[in-house]
Structures are given as structure tokens and as C-alpha cells.
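Here is the structure we will look at, set down as C-alpha cells.
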Amino acid sequence: MQQRQLWRASRPLGLLAIAATLAACGGGGGDNGFSFAGTTPPAPGNPAPPSAGAPAFKAEIRRTAMGVPHIKAADWGGVGYGYGYAQAQDNLCTMADAFLTYRGERSKNFGADALLVYPGTIGRPKNIESDFFHKHVLSSETIDAFAQAQPDKLKQLVEGFAAGYSRYVRDLKAGGEAGAHAACRGEAWVAPIAAGDIWRRLYAANLTAGYGNFVTQIASAVAPASTAGQAQASARALRRAQGTQLAALRTQPPKAPALEVGGKHGVGSNMYAFGTAGTGDDSALQFGNPHWYWRGPDRFYQAQLTIPGELDVSGASFLGVPLILIGFNQDVAWSHTVSAARRFGLYELVLAEGDPTSYLRDGKPVKMKPSTIAVDVKGGPAQTRTLYKSEYGPLINLAGMSPALAWSPRTAFAIRDINADNFRAFRAWLRWDQAKSLDEFIAIQREEAGIPWVNTTAVGRGSAKAWYADITAVPNVSPQQTERCTTAVGQLLAAALERVPVFDGSRSECDWQTDPDSVQKGAVGPARMPSLLRDDYVANMNASAWLTNPNERLTGYPAIFGGVETGFTTRSRLGHLMAQGRLSGTDGYAGKTATAATVQRMVLDSRVYTAERFKAQVLALVCATPDIDVAAYNDPYLGDTPAGTVRTAEACTALRAWDDTDNIDARGAHVWDEFWGRVENAIPKNDLYAVPFSSEDPLNTPREIRGSASDALRQAFGAALMRVEASPYPVNAPRGDYLFVTRNGRKIPLFGGMSDLTGVFTTTATFNRLDRGGYSLDGDSVIANSYMQIVRFPAGKVEADTFLTYSLSDDPASAHHADYTRAYSAKQWLRVPYTEAEIAADPAYRSIALSE
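Quick note: the sequence shown uses this note's numbering, first residue 812, plus one each step.
Pasting the structure below:
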């Protein structure tokens, strides 16, 4: 047998590499199995190494260019085994840290007050709040029910994945892969896991757009002291207390919570699906581009999973997830963007007199379900809280929005997440992974209605049309019910919690409704959810469904999905203008069709919509003044600017010469970033634009800058120039000098920009300040282009070009820590191999066989 190059060839050959050599050469026994003596004993609550009689797992892991693993096995447990091993080999420290999060063991290992290491879909709460939340919401009872509801194939995947991850941990602890994962390999908390760890991870992902936005609020919802035995309050006193609460909310409106996923400034994504009228040939084309986390447990991982004759799917999933979430198989390709629909609601509870842990429902008291939870804390005593659940969901502490919303002796709030009872999500993705046509794909989406919080576009082999749908799990509330059931407090919360139902929990008539075709109690039925098939194109850039294609507006779906302007940002506008420019041939590229080569270029060309549209007008206003006296300036997103005077000439010259892109060599783009970011946040749109947004002309409005906005524009421009002057970057600095990521001490220049602030389709968003190291992506808070794919189905073939922008491994010692990122910097797409012949022919091919 021909010997293949070992993966990790840059590392010293440890025991694992020696075993891999044997496997690649056909040595090591008939099963290609191997084990190591001296394995670190498993931590309490985790499984021991496999023993005689344990399930047998076998997999082959083939790696190709950029380290992409192609995992092949004879059964579901085996392919899960190989996938768990591969993910651990590339991202062990991140994954081990995440499993502590889902188990509620962060405080035990890192202390109570430390913040989560990585920001992600739950933000970055303190360890103690994260622990109480996860132990409360991911209770054993809930996780057991969730696991038991899954199909056998998924159960086998999960068992295999946990075993594969654990196998890698044991191999590493025994001395394998010397130098790998130096940051964590010696830590006791890096240990084998059980299948329950994966079920917790999956269920937590379900809650991303609901409970996951309220970790601290749910974890801190502790009941006030009981008033039992005290004199009952009179009805007049109760009404007076309620009046005081409402007056307080009117005087000082509640603060809007920061919704990490589904909020105004949350994560986003882009996707197109072009039908054959758009591509001009026999194959539709799918482009997917999630703007997602570059670090932490929620980042994407790229792989192919193959069970001959049963499964052959390529794409990406979150770390710790054993199946493909965005990707393609032989016949279907799909992608996702975060949906504008709301996934949760609040219930205002009227509490029983004298008992703040009982609430009234249709005049009868209902006892809340208590859970007394203990969290171990490193270096200190364990902390204990008693947290409660109602029939709607857990109690929630809204005092952070307003003290008037605190849990009082007579009022409390519960939160309901539609996905808390949605056990269908991963079953739906598993069925999609095996779908054999676009028609089957669509039928699965309608049958399951289980995708939890994302829009979908898809194309299929032999299908002329492209598909869009937000057929997902969504609370079912009608306008009539909203009018009847929204409480007075709920009305005052409407601005802070847009489209979130805040209902009266004391009346059963306010329960979420169920349609005749609802797949889940309290959810909208698939027949009333937005969807569209088109032969030109469908698209979504996180707006609501109404403008999926400007030539066919979607209307009539429930308001909770979002209205006309919901999420319709400058990025959304540019995305549709790009698609229309491509199909009309007016975008500067050859032809009038969406070929793979042209889409590759156009989605990375880093156009800045606001500059294209408004730069000439605003420069005429702000550059007429040679010196601007800047008042002290504060922006909640961009930070403070002190008072001072700036000269405009040099910056105006740079901006006039700038090519209105965020490409690596673009000069002056950072001046526009700083300027327009302040314009967007500080100047009301009605004061800025002469022609306001019109749903009748959404791609060309708003437009025309008001002359009366000149003073406000000058202040924003002056503040921007002060920020630039405080940085080490001149006004004509090329973008790659200050927009970059550092890998192993070397800067990799990047392109792209501030997405919804400046209107960039090619998103590279960072929260670092220009005067504090530039727009570096080296910090933790990075949301940008992540797993990208362009997929076609020419006759008898699958053609897929991909990026995993931040590279496959988070381990600096890995050969795949920066390679994909360098390719992305150069805009060099990877034609990822799909067939067995393509995989074997890849110049970077190497393989090992694993078995328990």
C-alpha cells in the first residue's frame, strides 16, 4: 500500500503519529487499532476508556488541503467517532472549555467571578451566572427527554462523537502529539466526555435566540421573601402598587436587553440562491456566508461525513455538533442566516397573596416548580440558589431593564422559548444531510418545521428554481390575541422588546395558539410561514422575509416574523443591488449570469454602499470647513471623543481619492468607517435624509443628504478625524495595515468592513478601536465571514468552492491554524474535493484509520 504523508507533519512524531503511520501503511493489526498505556484516569462523571464488550467504533479520517477532514465509516457510530476525534484534534482547548459551560462547572474550575473565556451566542456572562443557568435550563430531566426523542441514527452519531473526542483526549494525555494544545493539555478539566455532554451542547444551541439571550436574568431570578402570615393587602393597595410600577416605567422607559442573536446589533449573514434563469445553465447555484464567531464553541468547523450508500454530506457545523448544519450533498446545497422572527415571549404572572412562588391562572393558584441548585466554586464554598420554573418556562429577573420590573410579592415574569420544546431541529438537519432532491428537502422542512432560528435558502440537482423559507419554530400569537393579552407593562415594554409578546399569564386564553397544521403546540403552522421559489434568485441578509426577491414581495405572514423594515439595513440593500446588477450585467463583470467565478469575485469585492451613495454629498458639506471645532462626543459603540479642533483638508483629499471599497489596498477606508459609524449612531434618519425610506422603492431609499444636517455631519466628521489622529494610521493608510489578524506572530491583512454600519456585504466586523491596535481581529469579540460556500450541480458532478476564514484549528501548533486564513486574505477559494476519487487525488491527502 502506498504510504501517505502524515498529517501534522510539522510536529514531532509522538505516539499518535507513530500509530498513524502504522494505520496508513496497513500495520497495527487487522483492525488498525491502537492504544496507549498510562492513560490519565477519567474525571468523575466521565466515562472510562473502552473495555471489552464496549461498542466498536471504526472510522477513517482523510485530510485534504487546508486540513479539511473527510470522515468515512461503515455506520453512524463510526462516522460520529471520526468526527469527534477530528474536531478534538483541531480545537481541543475550546471544546473542553465549552463542555464545562454546558455542565455548569466553570466556577468549579476557574472561579465564580471570571467571565467566560469566549464570547458567543450567550454573550460573556460571569461563570457563576452561566453555571446556574445551565444547571437550571439544561436539567437532567430535560436533557434525557431531548435525547430520548431523537432518531436512532442521531443517537449513534452522538455516542460515536463522544467516544471519538474522548479517544483523542486519552491519546493526548498519554503523550501523543507532542506540542499540540499546549494551552490546556495538562489541565485536569480536559477529560473524556459522555454522550450527555453532546446532548447538552445540542439542546443549548436550540436556545440561542431565546433563553440564550438571558443567561444572567434567568440565573438570578430568585424569589422575594414570602409574605405568608402578614396582613393581606387590600385591592386598593394592590392597584396603587401597580400604578406606581407603571408610572416608573413611563418616567424612565426600560432599557432594551442586548440580544446577541436576533438583536439589532447581533450576528448576521448573507446568502443567495440563484435559479437556472440566473445562472444561465442547467445548474442552480447556492452561496452561503454566515457572519459568525471566529473564536469559541460556536465557531464553525468544516468536514465531510460519509457512510457509503447512506450518507455523503460536506459542509460545516458548530464545534461539538456531530452532523452538518450548512453544506451540500450529492443533490442539495443549503445555507442559513439568522432570522428576524422572534423565538420567545414573556408572561407577566399575578402571584398568589402571601406566596411569591405561586401564581394565579384562571383564578386558581399554581405552584412554581423549584430547583435548589448548588454550584461548586474554586477556592471557596459552594453557592446555592433556588430557581423556579412555571408552566411557561423559567422565571426571569428583568430588574436590569428597570427596577420596576423586579420580582415583587405580587408580580413576576416568566420567559417562554418556543425552542425549549422543539426536539425536532437536529432530526431535520440529519434528514437534510441525506436529502436526494430539492423537493425532498422542502418536504422535510415543512414536515419538521424544526429549524430553530435561521432562514434557509437551497438549490437542488435538476431543479430550475431556488428556495427560500423561514419555516421554523415561531411563537403563534394573533393580532387579536396580542390586543387582548398584552398587559399594561407589556405595552410599555414594546419599544425595548420589539415584536416580543408580553402576555397576561393569569389567563389561559393568553396561551400561544396552535394552528391545524402546527407541528408543535403553540407554534405557527408551516402553511402560514414565508417561503418562495424563484428561477432567478432568492436572497436574505437578515432582513425579514418580505424582500426575498424585490420582484415578488412576500406578505400575509404573522407580524412576529418582522415587518417591512425589520432588519433591512444598508447591507441588505447592497446585497439585492449586487444580485440585480449581476443579472442585468451592470455590475462591471462580464456577462449577465451568476457563474461560480463571478459570484466568487462579487461577494468578496468589499463595496461600501454608503460611500457609493452618499460620499460626494457629505464631503461637499463637511469639507467646506477647513477647521472643525469638535465638542466632547460620546457614542455607545465607538467610545468617547474629547473636545478639540481638527483640520479637514488631508482627510478630504484621501476620501475623494478612495475607491469606495474595503479591499486590502484601499486607502482612506478607515476614515469613512469612523465617520459613517458616528453618522449612523448619532443622527436620526429623518434629520439626515431628504427622501425617507419607502417600501415602494426599498433599493433606492433613503437618499439625498439634507443640507440642514451639515452641522451634525461636521461634528461626526471631526470626531472621526480625532480618532484617526490618535491612531498610528495616516488618513491614506491601506486597509490591510490596520485590518488584520495575527497568527504565530505574523500579521495577515484582511478586507471587508463594518457591515450594517457602513453597508458592506463583505463583512469583517471587529469591536477593537483604531487607536488601540487598529481593527485587529486578534481579540475575542470577532464576528465576520466564517464558513463560505459556492455550490453547483453540473451533470454528474458536485462543484463546491469554500472558505473557513479563520482556519480549521485554534491551536497555534497546528499546520492548519493559519493556512485557510492566508488563502482567504488572497481571495483564493478552495475547490474542496467531494468524490472518493477527488479526495484520494488531492495533493495534500493523508489518512489514518481509527478503531476502539
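Ideal Cβ placement from N, Cα and C applies to all residues, glycine included.
What you are looking at is a predicted structure, and each value in this text was computed from that prediction instead of being measured.
- The alpha helix (DSSP H) enclosing Tyr892, as first and last residue numbers: Where Tyr892 is concerned, the enclosing alpha helix (DSSP H) starts and stops at 887-914.
- Going by DSSP, which residues form a beta bridge with Pro880? Partner(s): Arg874.
- Message: On a Cα-Cα basis, can you pick out the residue from Val1602, Ala1634, Asp1622 that is closest to Thr1616?
- Response: By alpha-carbon distance to Thr1616, the top candidate from Val1602, Ala1634, Asp1622 is Ala1634.
- Would you report the Cα separation of Glu1294 and Ala1370, rounded to the nearest angstrom? Straight-line measurement puts the Cα of Ala1370 at about 13 angstroms from the Cα of Glu1294.
- Report buried or exposed for Asp1473, applying the criterion of at least 16 other Cβ atoms within 10 angstroms of its Cβ. With 16 or more other CB atoms across the displayed protein chains lying within 10 angstroms of its CB, Asp1473 is buried.
- In this structure, does DSSP put Ile933 in helix, strand or coil? Three-state DSSP puts Ile933 in coil, outside helix and strand.
- How is Met1082 classed by DSSP in three states: helix, strand or coil? In the three-state reduction of the DSSP assignment, Met1082 falls in the strand class.
- Message: What does the alpha-carbon distance come out to for the pair Ala985 and Asp1622?
- Response: Cα-Cα distance, rounded: 19 angstroms.
- Item | Endpoints, alpha helix (DSSP H) assigned at Gln1194 | Annotation for Gln1194: no alpha helix (DSSP H) segment contains it, though the beta strand (DSSP E) segment containing it runs 1191-1200.
- Item | Residue from Ser1248, Leu1130, Pro1509 whose Cα sits closest to the Cα of Val969 | It is Leu1130.
- Query: Between Gly975 and Gly895, what straight-line distance do the alpha-carbon atoms span, to the nearest angstrom?
  - Reply: Using only the alpha carbons, I get a separation of about 5 angstroms.
- Just checking my contact of Gly891 with Pro1133 at CB under 8 angstroms: how many whole Å lie between their CB atoms? Gly891 to Pro1133, Cβ: 5 angstroms. Contact.
- Which of helix, strand or coil does DSSP assign to Trp1323? The three-state secondary structure of Trp1323, taken from DSSP, is coil.
- Report yes or no: do three or more beta-carbon pairs, one from the stretch 1597-1605 and one from the stretch 1135-1147, lie closer than 8 angstroms? Three or more Cβ pairs closer than 8 angstroms define a contact, and the stretch 1597-1605 meets that threshold against the stretch 1135-1147.
- Asp757 by DSSP, collapsed to three states: which one? Only positions 812 to 1663 of the chain appear in this structure, which leaves residue 757 out of reach.
- Find the nearest neighbour of Asp1582 within the set Pro1513, Leu1449, Asn1543, judged by alpha-carbon distance. Ranked by Cα distance from Asp1582, the first of Pro1513, Leu1449, Asn1543 is Leu1449.
- Query: Taking all protein chains shown into account, do 16 or more other C-beta atoms lie within 10 angstroms of the C-beta of Gly1585, making it buried, or fewer, making it exposed?
  - Reply: Classification of Gly1585: buried, given that the 10 Å Cβ count is 16 or more.
- Output the distance between the C-alpha atoms of Thr1195 and Ala973, rounded to the nearest integer angstrom. Near 30 angstroms, if we compare the C-alpha coordinates of Ala973 and Thr1195.
- Message: Pull the bridge partners of Tyr1645 from the DSSP assignment, please.
- Response: Its beta-bridge partners do not exist; DSSP assigns none.
- Using DSSP bridges, identify the partner residues of Met1599. For Met1599, which the question treats as bridged, DSSP gives the partners Phe1614.
- Cβ of Leu1343 within 8 angstroms of Cβ of Leu1365? Their beta carbons are under 8 angstroms apart, which means Leu1343 touches Leu1365 by this criterion.
- Message: Quick check: what's the CA-CA separation for Phe1111 versus Leu1619?
- Response: Between Phe1111 and Leu1619, the C-alpha separation is close to 9 angstroms.
- Where Ala958 falls, given that 16 or more other Cβ within 10 Å makes a residue buried: By the neighbour-count rule (16 or more Cβ atoms within 10 Å), Ala958 is buried.
- Message: Looking only at its chain, what residues have a beta carbon closer than 6 angstroms to the beta carbon of Phe910, apart from the 5 residues adjacent to it on each side?
- Response: Closer than 6 angstroms at the Cβ level, and outside the excluded window around Phe910, lie Ile1004, Asp1008.
- Query: What's the call for Leu1358, buried or exposed, on a 16-neighbour Cβ count within 10 Å?
  - Reply: The residue is buried, with at least 16 neighbouring Cβ atoms inside 10 Å.
- Query: Should the stretch 1485-1504 be regarded as contacting the stretch 1589-1603, the criterion being three or more beta carbon pairs within less than 8 angstroms?
  - Reply: Contact check between the stretch 1485-1504 and the stretch 1589-1603: fewer than three CB pairs, one atom from each, fall below 8 angstroms, which does not count as touching.
- Give the straight-line distance between the Cα atoms of Tyr1645 and Asp1612, rounded to the nearest whole angstrom. Taking the straight line joining both Cα atoms gives about 11 angstroms.
- Opposite Tyr1104 in the DSSP bridges: which residues? Here Tyr1104 is bridged, per DSSP, to Ile1594.
- Message: Assuming contact is defined by CB atoms lying nearer than 8 angstroms, are Ala1306 and Pro1064 in contact in what I supplied?
- Response: Contact flag set, yes.
- Leaving aside the five residues before and after Ser1248 along the sequence, list all residues of the same chain whose C-beta is less than 8 angstroms from its C-beta, in chain order. Cβ neighbours of Ser1248 beyond the five flanking positions: Asp1142, Val1143, Gly1271, Arg1272, Gly1273, Ser1274.
- Message: Please state the DSSP three-state secondary structure of Ala1501.
- Response: Strand.
- Query: Between the beta-carbon of Leu1415 and the beta-carbon of Ala1405, is there less than 8 angstroms?
  - Reply: Cβ atoms of Leu1415 and Ala1405: not closer than 8 angstroms.
- Task: Identify which residue in Glu1491, Gly1211, Ala989, Gly922 has its Cα closest to the Cα of Lys1189.
- Result: Distances from the alpha-carbon of Lys1189 to those of Glu1491, Gly1211, Ala989, Gly922 put Gly922 closest.
- Just the Cα atoms here: how many angstroms apart are Ala1468 and Asn1579? When rounded, the distance between both Cα atoms is 26 angstroms.
- Query: Whose C-beta lies closer than 6 angstroms to the C-beta of Ile933 among residues of the same chain, with five residues either side of it excluded?
  - Reply: If we look at Ile933 and ignore the five residues flanking it on each side, its Cβ neighbours are Gly1023, Val1026.
- Query: With Val1419 and Gly1570 assumed to form a contact (beta carbons below 8 angstroms), what rounded beta-carbon distance in angstroms separates them?
  - Reply: Right, the Cβ-Cβ distance comes to about 6 angstroms (below 8 angstroms), so this counts as a contact.
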